[in-house]
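Numbering of the sequence shown is given in this note's numbering, commencing with residue 22 and proceeding in unit increments.
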Amino acid sequence: VSTQSTGENLRRELESETSKAFEADQQKKKLQTDLTTLQNELENEKKKKDKLQKAYKKITKDTEAANAKVLEAEKGKVVLQNQIKQAEDEAKRAKDEASKLKTDRLTMQRQVDDANDRSRQLEDEIAKLKDDVEQITKDKNNLEAKLKKLKKNMDI
């Protein structure tokens, strides 16, 4: 009886250990499956991280290129603003010069008009003087003729 109960106990213990081993094996398979799943997820996360890093590097490079273009555009804008200012300054100088030339032309025109008026006055004075000289010459001739007549009358 005792051998039999010992055998029975051993058999139950063997079944219990077999069951435990089976459960442990099942748990090991589940853990291996979980480990494989986690390793796959980790690998996928690493791939995502690599893609994100590449995208970040590309965005950084594109941002730097865009910033360089903005800087170049701002430099071009400053150059254009300077050219516009120079053109405006030149236009103002040209306008001032044109205004001065117009004023000078008007002044010269007044001087020409004044000279023409003075010339007409002088011509009028010359004509009057010629008339006066002519009258004086006539008067002189008349006086000489009278003087001759008087001398002739006196000689008689």
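Backbone N, C-alpha and C define an ideal beta-carbon position, used for all residues, glycine too.
| Item | Value |
| --- | --- |
| Below 7 Å CB to CB, which residues in the same chain sit around residue 70 once its five sequence neighbours on both sides are set aside? | none |
| Under 8 Å Cβ to Cβ from residue 32, same chain only, skipping five residues before and after it: list those, please. | none |
| I want to see whether chain B comes within less than 8 Å of residue 139, judged by CB atoms only; does it? | Any reference to chain B falls outside this structure, which holds one protein chain only. |
| Quick one: which unbroken beta strand (DSSP E) runs of 3-plus residues sit fully inside the segment 36-89? Chain order, please. | none |
| Closer than 8 Å by C-beta to residue 96: which residues in its own chain qualify, once you throw out the five before and the five after it? Chain order, please. | none |
| Alpha carbon to alpha carbon, how far is residue 29 from residue 38? | 14 Å |
| Whole angstroms are fine: how far does the CA of residue 106 sit from the CA of residue 79? | 40 Å |
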